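Student: Per our numbering, the very first residue in the sequence shown carries number 19; after that it's consecutive. Glycine is no exception: its CB is placed at the ideal position from the N, C-alpha and C atoms. Keep in mind it's a predicted model, so treat the numbers as computed, not measured. First, the structure itself, so that you have it in front of you.
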Amino acid sequence: MNREKITFFSRFEADIVSGKKTITIRDKSESYFHPNQELAVFTNETDRFFANIKVLSVTPIQYDELNDQHAQQENMSLAELKKVIREIYPNDDSFFVIDFKLI
């Protein structure tokens with residue numbers, strides 16, 4: 019099966035493969051994913067394949083709405099999550115939570 023691609027920073031690989039990270043928060047440029055879509059997962063830095071995932075849901079969210087549940091699904095504290103989001107998207111407040119599972 020030819021799957022569409024999604025990339026993650028390599029620092030998230032272990033959490034994705036172990037099932038500890040079950041969401042990703044993306045800006046509108048990556049809001050086109052849809053439920054039941056199967057994606058091939060690659061590292062952002064080296065474009066190395068490491069997993070397949072299935073999208074469960076795609077939900078809009080504002081930065082200020084991020085909470086402890088999102089942080090837990092990202093396998094980090096809320097403070098860490100907000101810091102990472104600001105590092106990746108310094109000027110955005112509108113995002114999409116992509117809930118996924120390994121397949």
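#1: If we count Cβ pairs, one from each stretch, closer than 8 Å, do we get three or more for the segment 76 to 84 versus the segment 57 to 68?
#2: If I follow the unbroken alpha helix (DSSP H) through His121, where does it start and stop?
#3: When you compare each of Glu22, Lys23 and Arg44 to Glu92 by their alpha carbons, which one comes out closest?
#4: For Ser75 and Phe113, what's the separation of their Cα atoms in angstroms?
#5: Against chain C, does Ser36 count as a neighbour if the rule is that its beta carbon must be under 8 Å from one of theirs?
Tutor: Checking against the coordinates, here is how it stands:
#1: no
#2: Taking the first residue of the sequence shown as position 1, residue 121 is located at position 103. Per the sequence shown, residue 121 should be read as Ile rather than His. It is not in any alpha helix (DSSP H) - Ile121 carries neither H nor E in the DSSP assignment.
#3: Translated into positions along the sequence shown, residue 92 becomes position 74. Out of Glu22, Lys23 and Arg44, Arg44 has the C-alpha closest to the C-alpha of Glu92.
#4: By 1-based counting over the sequence shown, the position of residue 75 is 57. By 1-based counting over the sequence shown, the position of residue 113 is 95. Rounded to the nearest angstrom, the two C-alpha atoms are 13 Å apart.
#5: Reference to chain C is not applicable here, since this structure consists of a single protein chain.
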